[in-house]
Amino acid sequence: MTLIIHSQIKHNTLKLWLAQTISATGDAVYQLALVWIILDITESTLATGLVAMSAYLPAIIFGIFAGVLADRHNRMRLMLISNFSQAIVVAIIPLLLFMDIKIVLIIGILAFIRASFGSLFPPAINAFLPEIIPQNKLEKINSLIATSGQFSYFAGPVIAGILLNIISVKILFVWDALSFLLAAIVLMTIRYSDKIGKSIRGSRYQELKSGFNYIKTNNSIGLLIVLTTVNNIFIMGPAIVGMPIMIKHYLNGSASDFAFVEAGMALGMLTGSFFMYRFSKHFNNGFLLLLGMFWDGLTYTLFFWVQSVPMALFIIIFHGMGIPVITVSRTTILQKYTSNIYHGRLFSMVHLAVSGMTAVSTALVGIIAEVISINIVFLLFGVGGALTGLVGFFNKDIQKYK
Numbered sequence: 200m201t202l203i204i205h206s207q208i209k210h211n212t213l214k215l216w217l218a219q220t221i222s223a224t225g226d227a228v229y230q231l232a233l234v235w236i237i238l239d240i241t242e243s244t245l246a247t248g249l250v251a252m253s254a255y256l257p258a259i260i261f262g263i264f265a266g267v268l269a270d271r272h273n274r275m276r277l278m279l280i281s282n283f284s285q286a287i288v289v290a291i292i293p294l295l296l297f298m299d300i301k302i303v304l305i306i307g308i309l310a311f312i313r314a315s316f317g318s319l320f321p322p323a324i325n326a327f328l329p330e331i332i333p334q335n336k337l338e339k340i341n342s343l344i345a346t347s348g349q350f351s352y353f354a355g356p357v358i359a360g361i362l363l364n365i366i367s368v369k370i371l372f373v374w375d376a377l378s379f380l381l382a383a384i385v386l387m388t389i390r391y392s393d394k395i396g397k398s399i400r401g402s403r404y405q406e407l408k409s410g411f412n413y414i415k416t417n418n419s420i421g422l423l424i425v426l427t428t429v430n431n432i433f434i435m436g437p438a439i440v441g442m443p444i445m446i447k448h449y450l451n452g453s454a455s456d457f458a459f460v461e462a463g464m465a466l467g468m469l470t471g472s473f474f475m476y477r478f479s480k481h482f483n484n485g486f487l488l489l490l491g492m493f494w495d496g497l498t499y500t501l502f503f504w505v506q507s508v509p510m511a512l513f514i515i516i517f518h519g520m521g522i523p524v525i526t527v528s529r530t531t532i533l534q535k536y537t538s539n540i541y542h543g544r545l546f547s548m549v550h551l552a553v554s555g556m557t558a559v560s561t562a563l564v565g566i567i568a569e570v571i572s573i574n575i576v577f578l579l580f581g582v583g584g585a586l587t588g589l590v591g592f593f594n595k596d597i598q599k600y601k
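Sequential numbering from 200 applies to the sequence shown in my numbering.
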């Protein structure tokens, strides 16, 4: 029986990794294509920042309620709804571009709708994992699942960078739509039993309120989410909007150059995930989380001195190393030290902190970049990100999470 259970865990992990790799490859390509096509159509950093914001704004509006749904309903079913819906919506973008309809407002609305369905996925999958994975294996499985995204964000831009020499950016949106369909098919092959007891029977508002009350009784978890929120205000905007602006306007690079720089960040993330898989057991997850936040900001400040695309590529690799240190540590802490019946709501709060603040941060970077040079933006935001990690070190409770 033990061997059968172990085999099922192994197969389910492999399928989750594969599904995440496929959809994350599409995400990497989509993110690259979206900001570049808007920058190309408008030549405006402000417009690019606002459209990028529209792709993350749903996390602020719907993110918390997505967590309530993840705690109330079948989490696998929510993941499938998310993937199939995003495939349909994103497929409309290339159709418009092929018809030479380049209306930025419409593209922004579609990006908003896609992200609205996408907000269902993060709380659902992070709450689903503890249902099918033993607690003592969560750290390693989280590290493995994380590599799916990093591998995709390496392979996707590399392939896109090569293909962009022979195809147009609009084809990349087709790739994204197909990736969601394929990922959904793989998810449907996972074997599991629905363990959610649906012990929460109140209204959605009551369930949402109980999630916030749970955080009030767990101060260190609440502080963890606050630090995540502040850190992402400083980190996400430069990553999403700042980098294409730097490559295109500051370094006079091409879409292909941008793709390869994005691949460099993914290479760094893969390195960071390998570190977490092999060595994280020797450190407290709380310590690693705060160290990763500090590293994130510190490496951004180095872009102030960037003079070429190869130099930007070199720095972004080092920056990427800290990202899995943050994400894997934070996910494992929440999965191990909080009740599973609250996981959907807690991870939706984290998703709000990450994607919601990405909406704010991308808009800020787009606006500020209209006034000051992008390398100075990286310096200022980098200092803010590093300070967030340093502030966290004053809280001993977070550092003690194993």
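For every residue, glycine included, the Cβ atom is placed at its ideal position computed from N, Cα and C. Only a predicted model underlies this, so the values are computations on that prediction, with no experimental measurement involved.
Does DSSP put residue i in a helix, a strand or coil?
i	result
Gln506	coil
Arg313	helix
Val267	helix
Met298	coil
Lys339	helix
His272	coil
Leu202	Note that Leu202 scores 45 on pLDDT, short of 50, meaning its location in the model is unreliable; the coordinates nonetheless yield the value given after this. In the structure shown, Leu202 sits in a helix (DSSP, three-state: H, G or I).
Ser538	coil
Pro293	helix
Ser453	coil
Tyr600	coil
Ser243	coil
Val368	coil
Phe283	helix
Phe350	helix
Ser547	helix
Tyr391	coil
Ala511	helix
Thr212	helix
Phe592	coil
Asn417	coil
Do residue i and residue j have their CB atoms nearer than 9 Å?
i	j	result
Ser281	Gly317	yes
Leu578	Gly519	no
Val368	Ala232	yes
Gln334	Gln534	yes
Ala354	Arg274	no
Val228	Leu371	yes
Ser378	Ile575	no
Ala286	Ala383	yes
Pro322	Arg529	no
Thr212	Val440	no
Leu488	Leu422	no
Met548	Ile259	no
Lys601	Gly463	no
Val508	Leu450	yes
How would you call residue i, buried or exposed, if buried means at least 16 neighbouring beta carbons within 10 angstroms?
i	result
Asn236	It should be noted that the sequence gives Ile, not Asn, for residue 236. Buried is the call here.
Lys599	exposed
Phe411	exposed
Met298	exposed
Glu242	exposed
His542	buried
Thr561	buried
Met387	exposed
Lys595	exposed
Gly391	Here residue 391 turns out to be Tyr, not Gly, going by the sequence shown. So Tyr391 ends up on the exposed side.
His481	exposed
Lys397	Interpretation of Lys397 is limited by its pLDDT of 47, a score under 50 that renders its predicted location unreliable; no figure is taken from the coordinates.
Would you verify that the beta carbon of residue i is, or is not, closer than 9 Å to some beta carbon of chain D?
i	result
Ser572	Looking at the structure shown, chain D is missing, and only one protein chain is on hand.
Examine the Cβ distances between the region 252-268 and the region 460-479 and report whether three or more of them are shorter than 8 Å.
The region 252-268 and the region 460-479 do not touch, with fewer than 3 CB-CB distances between them shorter than 8 Å.
Would you call the region 560-572 in contact with the region 489-496, where contact means no fewer than 3 C-beta pairs closer than 8 Å?
With the rule of 3 Cβ pairs closer than 8 Å, the region 560-572 does not count as touching the region 489-496.
Between the region 540-560 and the region 502-520, do three or more beta carbon pairs fall short of 8 Å?
Taking 8 Å as the limit for Cβ pairs, the verdict is that the region 502-520 does not touch the region 540-560.
Taking 8 Å as the cut-off, does the region 583-590 touch the region 420-430 (at least 3 CB pairs, one atom from each stretch)?
Pairwise C-beta distances place the region 420-430 in contact with the region 583-590, as three or more of them are shorter than 8 Å.
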